[in-house]
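Asker:
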Amino acid sequence: MAFLTIPNIRLAGLAAIVPKRREHNSDYSWISKKERESIIKKIGVETRRIADKGVTTADLCVAATEKLLHHLKWERSEIELLVFVSQSHDYLVPTTACIIQDRLGLSTSCIAFDIGMGCSGFLYGLSLVGSMIQSGSIKKALLMAGDISTLTTTYRDKSTYPLFGDAGSITALEYDTTASTMEFNLQTDGAGYKALIIQDGGARNVMSRKSFDIKKISKGVHRSRLHLELDGIEVFNFSLREVIPNVKRLLKHTGKTMDDIDYLVFHQANRLINETLRKMLKVDPANVPYSLREYGNTSSASIPLTMVTQLRDQLTTKKVKLLLSAFGVGLSWGSVLLETDSVICPEVMEY
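When we follow our numbering, the leftmost residue of the sequence shown carries the number 52, and every step to the right adds one.
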């Protein structure tokens, strides 16, 4: 197992941001009213936020970071590491984090790079940033996570369009010898890469005219090879097969039980998956917050967005013991145990 123990890292600040434009799944006219109601009940998503044309994940994250830095009162010259977790970069080349470093006016001594991950990206980013800070050579760092997922879905695909929303997040981390230890259990199974995939546009299948052709896959599912393909059954089976053992192994490794945890925060995959996992872990619904209903599945931003929108009062006023669990595209999954203490956390922002 890929267990990581990372001491001396304090989660100093957290912010989330969504586009102003709201879309209601009850208005999704591609399918019948009866089917709309069935899908909404199954996935648990009533509304989603959709970015305007030309707005990128970087735009969202930069706006959120500007506000969070104001609240933290951090000097930009102090920030020595910037990590941008996303699957919707500004350009194929260069790295988006480099562009963001300049937009934020950070020092040229700041390390900046991207991580091209989705659902589990926030946890992987957290583990990597934490590991780099741990030695004490880096004192303050920024972790951005988010996606404009709606760029990869099409109105004519009922399997993805009603599920995904756009969002960004920023997490400020700093070296602190008094901070509680973060404990990770991270895993990967690339054999399942086709469960969530965009076929064309990369180096394996270079974009061509045929890439844009919309084809009927099944009833209500029409898409091109540039749109996201989601194998719902495979993702469901993977989640139930791997997530629970991953969480239980982490708890056993750390000598903890679910009774030691204040809140269990899942990646917001869909309600059917998340509720099944919650019941299998026998956790009270009051201790498992959701942002799905208002925002949908927001990829790597889903955990920080859920924390900001559902746990802000707790995070800002006291110590909170959290178990975070993320899973999806890759296939990649993991969990982390951490304790926060009086986090600077402004209300969710709109862009």
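The C-beta atom is built at its ideal place from N, Cα and C for all residues, glycine as well.
All figures in this text were calculated on a predicted structure; none of them were measured in a lab.
Would you mind listing the beta strand (DSSP E) stretches within the stretch 63 to 103 that are 3+ residues and don't spill past its ends, in chain order?
Answerer: 73 to 75 and 98 to 100
Asker: Quick one: what does DSSP say Ile324 is sitting in, helix, strand or coil?
Answerer: Taking the first residue of the sequence shown as position 1, residue 324 is located at position 273. If DSSP states are grouped into helix, strand and coil, Ile324 belongs with the helices.
Asker: Taking the runs of the beta strand (DSSP E) that are 3 residues or longer, which of them lie wholly in the stretch 270 to 303?
Answerer: 272 to 274
Asker: Quick one, are the C-beta atoms of Val380 and Leu247 less than 9 Å apart?
Answerer: Here residue 380 refers to the residue found at position 329 when the sequence shown is read from its first residue. Here residue 247 refers to the residue found at position 196 when the sequence shown is read from its first residue. Yes, these two residues count as a Cβ contact at 9 Å.
Asker: Looking at the ligand ADP, does it come within less than 8 Å of Leu343, judged from the CB to the closest heavy atom?
Answerer: As presented, the structure is devoid of all ligands, the ligand ADP included, so that no description of it is given.
Asker: In the DSSP assignment, what residue or residues form a beta bridge with Val316?
Answerer: The residue labelled residue 316 in the question sits at position 265 within the sequence shown. By DSSP's assignment, Val316 forms a beta bridge with Leu375.
Asker: Which term fits Phe135, buried or exposed, when burial requires 16 or more other beta carbons within 10 angstroms of its beta carbon?
Answerer: As a position in the sequence shown, residue 135 is number 84, starting the count at 1. So Phe135 ends up on the buried side.
Asker: Taking the continuous beta strand (DSSP E) assigned at Ser383, which residues delimit it?
Answerer: Walking along the sequence shown from the start, residue 383 turns up at place 332. From DSSP, the beta strand (DSSP E) with Ser383 extends over Ser383 to Asp392.
Asker: Count the CB pairs spanning the stretch 190 to 209 and the stretch 327 to 336 that are closer than 8 Å, and state whether there are at least three.
Answerer: no
Asker: Counting C-beta neighbours from all protein chains within 10 Å, is the total for Asp311 16 or more, i.e. buried, or is it exposed?
Answerer: One-based indexing of the sequence shown puts residue 311 at position 260. The residue is exposed, with fewer than 16 neighbouring Cβ atoms inside 10 Å.
Asker: Pull up the CB-CB distance for Tyr175 and Met183, whole angstroms please, since I reckon it's below 8 Å.
Answerer: Taking the sequence shown and counting its residues from 1, the one referred to as residue 175 is at position 124. Taking the sequence shown and counting its residues from 1, the one referred to as residue 183 is at position 132. The Cβ separation is near 13 Å, so there is no contact.
Asker: Alpha carbons only, please: which of Trp125, Asp364, Asn321 and Trp384 is nearest the one belonging to Gly283?
Answerer: Numbered from its first residue, the sequence shown carries residue 283 at position 232. Per the Cα distances, Asn321.
Asker: Could you tell me which of Thr56, Val69 and Ile249 sits nearest to Asn348, measuring between CA atoms?
Answerer: Along the sequence shown, read from residue 1 onward, the residue named residue 348 stands at position 297. Cα-wise, what sits closest to Asn348 is Val69.
Asker: Would Tyr79 pass as a contact of Pro296 if the rule is Cβ separation under 9 Å?
Answerer: Within the sequence shown, residue 79 is the residue found at index 28, counting from 1. Within the sequence shown, residue 296 is the residue found at index 245, counting from 1. Not in contact: Tyr79 and Pro296 (Cβ atoms no closer than 9 Å).
Asker: Out of Tyr314, Arg329, Gly271 and Leu111, state which residue places its alpha-carbon closest to the alpha-carbon of Arg363.
Answerer: Here residue 363 corresponds to residue number 312 of the sequence shown, with the count starting at 1. Ranking Tyr314, Arg329, Gly271 and Leu111 by Cα distance to Arg363 puts Tyr314 first.
Asker: Kindly indicate the opening and closing residues of the beta strand (DSSP E) around Lys191.
Answerer: Indexing the sequence shown from 1 puts residue 191 at position 140. Lys191 to Asp198 is the span of the beta strand (DSSP E), which, as asked, contains Lys191.
Asker: Quick one: what does DSSP say Gly252 is sitting in, helix, strand or coil?
Answerer: Position 201 of the sequence shown, counted from the first residue, corresponds to residue 252. DSSP places Gly252 in coil when its eight states are reduced to three.
Asker: Identify every residue that forms a DSSP beta bridge with Asn348.
Answerer: Start at 1 with the first residue of the sequence shown, and residue 348 comes out as number 297. Beta-bridge pairing links Asn348 to Phe215.
Asker: Between the stretch 101 to 120 and the stretch 205 to 225, do three or more beta carbon pairs fall short of 8 Å?
Answerer: Yes, since at least three Cβ pairs between the stretch 101 to 120 and the stretch 205 to 225 fall closer than 8 Å, the two stretches touch.
Asker: Taking only three categories from DSSP, how would you classify Glu131?
Answerer: By one-based count along the sequence shown, residue 131 stands at place 80. Strand.
Asker: Should Phe215 be labelled buried (16 or more other beta-carbon atoms within 10 Å of its own) or exposed?
Answerer: The sequence position of residue 215 within the sequence shown is 164, counting from 1. Per the 10 Å Cβ criterion, buried.
Asker: Just curious, the alpha helix (DSSP H) that Thr147 is in, first and last residue?
Answerer: As a working mapping, residue 147 is identified with position 96 in the sequence shown. Per DSSP, Thr147 belongs to the alpha helix (DSSP H) from Thr147 to Arg154.
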